[in-house]
Amino acid sequence: MTLYTSTVRTPVAKSRLWAKIGENTLYAVGLPIVLLLIWGVVASVAPAKFFPAPQKIAVAFSSTWLGEAFINDVLPSLARLSIAIIIAVIVGIAAGTLIGLTRWLRELLEPLLEFFRAIPPPVLIPVFVVFLGVTDSMKIVVIAFGAIWPVLLNTIEGVRSTDAVMSETARSFSLTRSQRLFDLLLPAASPRIMAGVRQTLSVALIMMVISELFYSSAGLGYQIKYFQQTYLIAEMWSGIVLLGLIGVLLAVIFGFVERRVLRWYHGIKEVERA
Amino acid sequence: MTTATPTTASTGHRRRRNLGTLRRAVLGTIGVVGFLAAWQLLSTLRIINPEQLPSATDTFAQLGALLRDLEFWRNIGRTMTAWAIGLAIATLVGTVLGTVVGMLPFVRRLTHTMVEFLRPIPSVAFIPLVILMLGLQMPAALVIIVYASFWQVFVQVLYGVADIDTVARDTARSFGLTRASQLRNLVLPTALPYLMTGVRLAAAVALILAVTAEMTIGNPGLGRQLTLASGIGNYTTVYAIVIVTGLLGLIINIGFRAIERRTLSWHQSVRGDVAS
Chain A
9 MTLYTSTVRT PVAKSRLWAK IGENTLYAVG LPIVLLLIWG VVASVAPAKF
59 FPAPQKIAVA FSSTWLGEAF INDVLPSLAR LSIAIIIAVI VGIAAGTLIG
109 LTRWLRELLE PLLEFFRAIP PPVLIPVFVV FLGVTDSMKI VVIAFGAIWP
159 VLLNTIEGVR STDAVMSETA RSFSLTRSQR LFDLLLPAAS PRIMAGVRQT
209 LSVALIMMVI SELFYSSAGL GYQIKYFQQT YLIAEMWSGI VLLGLIGVLL
259 AVIFGFVERR VLRWYHGIKE VERA
Chain B
21 MTTATPTTAS TGHRRRRNLG TLRRAVLGTI GVVGFLAAWQ LLSTLRIINP
71 EQLPSATDTF AQLGALLRDL EFWRNIGRTM TAWAIGLAIA TLVGTVLGTV
121 VGMLPFVRRL THTMVEFLRP IPSVAFIPLV ILMLGLQMPA ALVIIVYASF
171 WQVFVQVLYG VADIDTVARD TARSFGLTRA SQLRNLVLPT ALPYLMTGVR
221 LAAAVALILA VTAEMTIGNP GLGRQLTLAS GIGNYTTVYA IVIVTGLLGL
271 IINIGFRAIE RRTLSWHQSV RGDVAS
């Protein structure tokens, strides 16, 4: 089936184009700016103890994070986070494909997987500490354990729901096992897998902070807790802002990767919608 | 790999499905029993130091002792109370805000940046702040729980409201349905599956945060009992509490999936599932 969709593009008049861009930017930054202004005015008229003015937080941000702390606390945290995410994604996809393809294995493990994924990951921190001590690998394992479930379960589902006609066709054209895996199964499952990865990222960020709240002496989570205990409110807020920025950064990177991996998929969706 | 071929004879079909259920139950039981046996052997054969991993029997004995302790049940009650209140607030606020923002394109565009920035902030980052503001009490835990689970509901409702069929919406408008009637007959049926998904996700997240809050803030509950037990090196209790939290999570997951099926029994996604 071929489906040609064509849209006639009429050039937008230059002045209108600029107006459009201006309007979009206004919509994007309007509300945050207004809220920040209100916050700033309120904070300077009637200073609240726990809500320092935005300009103070900005000053604290640059003095706290843009120096030594960036190398000592932020980078190690980010390194642990990325290693754990990579482990969770690779192990999740590999195990998910295996379990999704093997019926007896899936039925054998189903109750166990249901149980283990229901355990709130932070309760395992004391357990992992017993085995691994308070080390980087403990933190990585904690993050990876929490983050693996969305990828794993979505991969299982994605692999299972591969179009039966397609896998029959692939087999009758005697594609090899690895061809079937890499050219059919994984691409077919990739929309679900990517949906899992998206959830994994936010869980991993939460677990990164939690893993540093216990028995830790460095890292982003530890620093925020330290600022609270020493009553450095603006610095503490700057840490929260930094975590927000990391979250946005992860989302942007993910969006970029997803567009590349799922380009074909979004293309199909667009044609279907047209 | 065998793929079940569709049969037209319904009896054969049913028998096969019954066999499938039986097979699943048997294999699942083997899996659980195998896991427990492996756990027991690892510990009793001292492959892993029993100090680090108490045997399954010791752990379940301790679990039995805990279940006879009234204070343990109170702790479960405290954790679940925080969970329920937090989830209820998050669902209410998330649904209302999600519907309002979703139905007004102007507000939606205006708030987009804010949402994209606030949503990724892990709610645990606010733990130090709420400790300062509210002290080591349950309200502090509630803020954390609500913040985390709110986004799950809010975003799903937003998607749900955006999913409204344009033809149906235009039809409703040209038939002159009032706002209230549009909300009841058009928005609610479209957004309900999304809302239910959001609430299910939020319920799981709320439990994680309820326990985490008790571990970090120290308000009474299962999480606090866990940190106290690990502090004095009482690892059978630690493992027993891990099992209990896992079971609580399991019950929540299964329960909310059942509610979802019930409330959406009219919906294509559930009906299609049943037919296949």
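From first to last, the protein sequence lines are chains A and B.
Each step along the first sequence adds one to the number in my numbering, with nothing skipped, and position 146 is 154.
Each step along the second sequence adds one to the number in my numbering, with nothing skipped, and position 259 is 279.
We put the CB at the ideal spot given by N, CA and C, even for glycine.
Quantities reported herein were computed from a predicted structural model and do not represent experimental measurements.
**OP:** Give the straight-line distance between the Cα atoms of Ile165 (chain B) and Val225 (chain B), rounded to the nearest whole angstrom.
**Re:** The straight-line gap from Cα to Cα measures roughly 8 Å.
Subject >> Where His132 (chain B) meets chain C, residues with beta-carbon distance less than 8 Å >> reply: Although the question refers to chain C, the structure presented lacks it and instead comprises the protein chains A and B.
Original post:
By DSSP, does Glu280 (chain B) sit in helix, in strand, or in coil?
Top reply: It is helical.
**OP:** With a 10 Å radius around its C-beta and 16 neighbouring C-beta atoms as the bar for buried, classify Pro55 (chain A) as buried or exposed.
**Re:** Pro55 (chain A) should be labelled exposed.
**OP:** Could you tell me whether the segment 55 to 64 of chain A touches the segment 232 to 244 of chain A, using the rule of 3 or more Cβ pairs below 8 Å?
**Re:** Contact between the segment 55 to 64 of chain A and the segment 232 to 244 of chain A is present, because at least three Cβ pairs lie under 8 Å.
**OP:** For Thr283 (chain B), collect the residues of the same chain with a Cβ closer than 8 Å to its Cβ; drop the 5 residues on either side in sequence, then sort them by chain order.
**Re:** Cβ neighbours of Thr283 (chain B) beyond the five flanking positions: Leu212 and Met216.
Original post:
Is Thr265 (chain B) near Pro199 (chain A), with beta carbons less than 7 Å apart?
Top reply: Cβ distance not < 7 Å, so Thr265 (chain B) and Pro199 (chain A) don't count as in contact.
Subject >> Nonlocal neighbours in the same chain, by C-beta distance under 6 Å from Ala178 (chain A), ignoring five residues either side >> reply: Non-local beta-carbon contacts of Ala178 (chain A) in its own chain, meaning distances under 6 Å to residues more than five positions away in sequence, involve Arg188 and Leu192 in chain order.
Original post:
So which residues on chain A does Ser250 (chain B) lean against when the C-beta distance must stay under 7 Å?
Top reply: Pro134, listed in chain order.
**OP:** Go ahead and label Arg277 (chain B) buried or exposed: buried means 16 or more other beta carbons lie within 10 angstroms of its beta carbon, across all protein chains shown.
**Re:** For Arg277 (chain B), the number of other beta carbons within 10 angstroms of its own is below 16, and it is reported as exposed.
**OP:** Decide if Leu25 (chain A) is buried, meaning its Cβ has at least 16 other Cβ atoms within 10 Å, or exposed.
**Re:** Burial call: exposed.
Subject >> Terminal residues of the alpha helix (DSSP H) in which Glu71 (chain B) lies >> reply: First-last for Glu71 (chain B): undefined, no H or E at that position.
Original post:
Using the beta-carbon of each residue, which ones in chain B are nearer than 7 Å to Leu117 (chain A)?
Top reply: By Cβ distance, chain B contributes Gly51.
Subject >> CB of Ala259 (chain A) within 7 Å of CB of Pro125 (chain B), strictly >> reply: The answer is no: Cβ separation not under 7 Å.
Original post:
With 7 Å set as the bound, which would you pick, yes or no: does the beta-carbon of Pro240 (chain B) sit closer than that to a beta-carbon of chain A?
Top reply: So no, Pro240 (chain B) is outside the interface.
**OP:** Just mark Leu65 (chain B) as buried or exposed, buried being the case when its beta carbon has 16 or more other beta carbons within 10 Å.
**Re:** Leu65 (chain B) sits exposed, since fewer than 16 C-beta atoms from the chains shown fall within 10 Å of its C-beta.
Subject >> Candidates B:Val219, B:Gly180 and B:Ser169, of which the one nearest Leu229 (chain B) by Cα >> reply: Ranked by Cα distance from Leu229 (chain B), the options B:Val219, B:Gly180 and B:Ser169 are led by B:Ser169.
**OP:** Helix, strand or coil for Ser182 (chain A), going by three-state DSSP, please let me know.
**Re:** Residue state for Ser182 (chain A) is assigned as coil, using DSSP reduced to three classes.
Original post:
Under 7 Å, do Gly154 (chain A) and Val211 (chain A) count as touching if we go by C-beta distance?
Top reply: With contacts defined as CB atoms closer than 7 Å, Gly154 (chain A) and Val211 (chain A) qualify as a contacting pair.
Original post:
Taking Cβ to Cβ, would you say Arg98 (chain B) is nearer than 7 Å to Gly241 (chain B)?
Top reply: A contact, by the Cβ cut-off of 7 Å.
Original post:
Quick one, which residues of the segment 178 to 210 of chain A are near chain B if we go by CB-CB under 7 Å, in chain order?
Top reply: Those residues of the segment 178 to 210 of chain A that come within reach of chain B (Cβ to Cβ, closer than 7 Å) are Ser210.
Original post:
Per the contact definition of three or more C-beta pairs closer than 8 Å, is the segment 250 to 260 of chain B in contact with the segment 69 to 79 of chain B?
Top reply: The segment 69 to 79 of chain B vs the segment 250 to 260 of chain B: in contact.
**OP:** Could you tell me whether the Cβ atoms of Ile201 (chain A) and Thr170 (chain A) are closer together than 7 Å?
**Re:** A distance of 7 Å or more separates the beta carbons of Ile201 (chain A) and Thr170 (chain A).
Subject >> Three-state secondary structure assigned by DSSP to Arg268 (chain A) >> reply: Secondary structure of Arg268 (chain A) (DSSP, three-state): helix.
Subject >> Own chain, CB closer than 6 Å to Gln202 (chain B), minus 5 neighbours either side, in chain order >> reply: Counting only Cβ-Cβ distances below 6 Å, and skipping sequence neighbours, we find Ala192.
Original post:
Cα separation between Pro45 (chain A) and Ala110 (chain B)?
Top reply: Per the sequence presented here, residue 45 (chain A) reads as Leu, with Pro not at that position. Computed Cα separation, rounded: 28 Å.
**OP:** Could you check the C-alpha separation between Ala152 (chain A) and Val99 (chain A) for me, to the nearest Å?
**Re:** For Ala152 (chain A) and Val99 (chain A), the distance between alpha carbons rounds to 9 Å.
Original post:
From Phe55 (chain B) to Asp81 (chain A), what does the alpha carbon distance come to, in whole angstroms?
Top reply: One alpha carbon belongs to Phe55 (chain B), the other to Asp81 (chain A), and they sit about 39 Å apart.
Original post:
If we cut at 7 Å on Cβ distances, does Gly141 (chain A) have a partner in chain B?
Top reply: Interface criterion not met: the Cβ of Gly141 (chain A) is under 7 Å from no Cβ in chain B.
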